[in-house]
Amino acid sequence: MPEKYTPTEREQAFLDTVESPKYQREIVNGLKPFFNEKVDEEMQSFYTEGEITALKVLQGTNRDVEHRMPVKLTKHYFNIAKNSEAIMNIVKAKPEETADLVGSEDPGYQMDYSPVEGLLHKYEMGLMYVISTCSSHCRFCYREELIARKEVERHDGTVAKKGLAQIPDIVAYIHKHNKEVADNGGIHPESGREKLREILLSGGDAMVLNNKKLAEWLAALAEAGIESIRVGTKEMAFFPERFDDALLTMLDNWHATYPEVGLRYMLHFNHPDEFLAKDEDGNYIQDESGIYKWIPETDKAMKGLVSRGWISVENQSPIIKGINDDSDKLRIMQRALKRVGAENHYFFCGRDIIAHRAFNVPIEDAWNILNDSQKGLSGVETHARLSITHYLGKTEVAAVTNEPIPGLPGSENGVVIMKLLRNAAGAELRGKVCIVGRNPDAIWFDDYEDRVLFDEAGLYNYDRVREVVEAPPINQCGQC
Ligand code: SF4
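Residue numbers (this note's numbering): 1495 to 1974.
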């Protein structure tokens, strides 16, 4: 792979226009500043003395919460979290989260799909790790192995931390793959995939990159013939001031240079508290028409993006225990996002990350919560589907019945109908269905293993990874 990348003249002319301001996110990094009382007085109260003691005891043990997932928090997000238990649960470390460390070290066996360091090539899409951190860290994050810089076993048996994508390598791979596809009549001769036409800048959070770096990626991918670029970000929740005029001008100039290339902002709001303004009693503020008011900085950030008609703005969120397993809140969220021009894309069931039992909502509950949340919403407000990411690919939890299916043994308590939406390795399995008998406690596919009734999708017939880490109990912790 080449070591150097030389921008074209057009690309360089665009890059020369980019302004890259520095931002004051006022981030607290790690638990140490809380342990040593190095945060300001108001933030110190985020953890009680008892919580600090319990977390300190776990330091350096196999239950160290920061070894699993580092703590990080912006001042903006703290200001929301201090008045919202749901938001606090997103970023506040708790001893319970390492009580059960069962889970996969590489959820979805991502490294199987990594032909170049930092790139996961699935479907007709590439996902790139362009950074290994976010402005704040969600405790439930399913990229905890990347963010905590853990070593992961690769397909070839080597063990290493996940690396970040580099422009020269990625551009060379896109050219090579797409040429091989074109030379073979539109299908890759070995993988059977089509042209690589869409790339997601992910990590971590691509919006933590400065404008210059972001612009370099956008331009290099456009020059390489990518048709649509997605930017995966939770920055509008963590630090909405990032969506300022310098960013929007950069995006406008990029669009003027590459008008045919699509840009999709994939936002990650979990809960309406992250963007709606509240009064002193904690109620969402509504105007005389009943329209919810937004937090001013977040309102400005969202308007900045959606006012560019050529940017599509979509939200996706997992449904997580103690955070947004609440149909009323999800109803408000879907309605408020759609009103301002953001699409509700996916809700997800939690993945089988290490410690997923601390976060995952039972699959059938998640389906019921989302279904209830969509009662009373209009058709355009209810575009989101519930997806659970199987090792084969994204799978929709399409329906949960309360009644048995007549004549079908095993369906006495009702069934769950799942549909494969995407097959990571190719497109041929799309639309295939799997039906299992209900198990209200199921939080992952394995929990239905003994009650599969019909499986044309092959969800229960695949090479599964069982990288399981069981944590032996420790005695020091007084809490659990
Ligand atoms: S924003 Fe996304 S990648 Fe970042 S910590 Fe949260 S879940 Fe993980």
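Backbone N, C-alpha and C define an ideal beta-carbon position, used for all residues, glycine too.
It should be emphasised that the depicted structure is a prediction, and the values quoted were computed from it without experimental measurement.
Separation of D1866 and S1821 (C-alpha to C-alpha, rounded to the nearest whole angstrom) is 6 Å. Look at which beta carbons fall closer than 5 Å to any heavy atom of ligand 1; those residues are C1628, H1631, C1632, C1635, R1637, K1728.
When the five nearest sequence neighbours on each side are left out, the beta carbons in the same chain lying within less than 6 Å of the beta carbon of K1655 are those of R1643, E1645, in order along the chain. Judged by beta-carbon spacing, V1559 lies beyond the 9 Å limit of R1851, meaning their Cβ atoms are not closer than that value. Cβ atoms of S1881 and Y1840 come within 8 Å of each other, at about 5 Å.
For the 9 Å CB-CB criterion, G1726 and S1685 do not form a contact. Contact between K1569 and E1520 holds: their C-beta atoms lie close to 4 Å from each other, under 8 Å.
Between V1551 and H1631, the CB-CB gap reaches or exceeds 9 Å. Taken in chain order, the region 1898 to 1949 contains no complete alpha helix (DSSP H) segment of 4 residues or longer. Beta-bridge partners of V1807 (DSSP): Y1759. Going by beta carbons, M1796 and V1855 fall outside the 9 Å limit. If you ignore the 5 residues before and after I1785, its C-beta comes within less than 8 Å of the C-beta of R1833, all in its own chain and listed in chain order. In the displayed model, V1800 falls within a helix according to three-state DSSP.
CA-to-CA, the gap between D1819 and N1583 works out to about 12 Å.
Beta-bridge partners assigned by DSSP to Q1780: Y1786.
Where R1879 is concerned, the enclosing beta strand (DSSP E) starts and stops at 1879 to 1883. Judged by DSSP in its simplified three-state form, H1765 adopts coil rather than helix or strand. Shown here for R1802: not one same chain residue has a beta carbon closer than 6 Å to its own, the five before and five after excluded. I1813 is the residue among G1719, I1813, D1859, E1837 whose C-alpha sits nearest the C-alpha of R1845. Taking C-alpha positions only, R1825 is separated from A1878 by approximately 11 Å. For E1688, the three-state secondary structure derived from DSSP is coil. Taking C-beta atoms as the reference points, G1904 and V1894 fail to come closer than 9 Å.
In the structure shown, L1694 falls within a strand segment according to DSSP collapsed to helix, strand and coil.
By the CB criterion at 9 Å, V1610 and I1664 fall inside the cutoff. Leaving aside the five residues that flank A1507 on each side, the residues in its chain whose CB is nearer than 8 Å to its CB run, in chain order, T1751. S1872 and G1544 have their alpha carbons spaced roughly 46 Å apart. Runs of the alpha helix (DSSP H) spanning 4 or more residues and lying entirely within the region 1525 to 1605 occur at 1526 to 1529, 1535 to 1538, 1543 to 1552, 1559 to 1562, 1569 to 1575, 1579 to 1585, in chain order. Annotation for S1578: D1767 place their beta carbon closer than 7 Å to its own, counting only its chain and skipping 5 residues before and after.
The beta-bridge partner set that DSSP reports for T1727 consists of L1761.
In the displayed model, L1742 falls within a helix according to three-state DSSP. The three-state reading of DSSP puts A1830 in helix, counting H, G and I together.
Collapsing the DSSP output to three states places V1610 in a strand.
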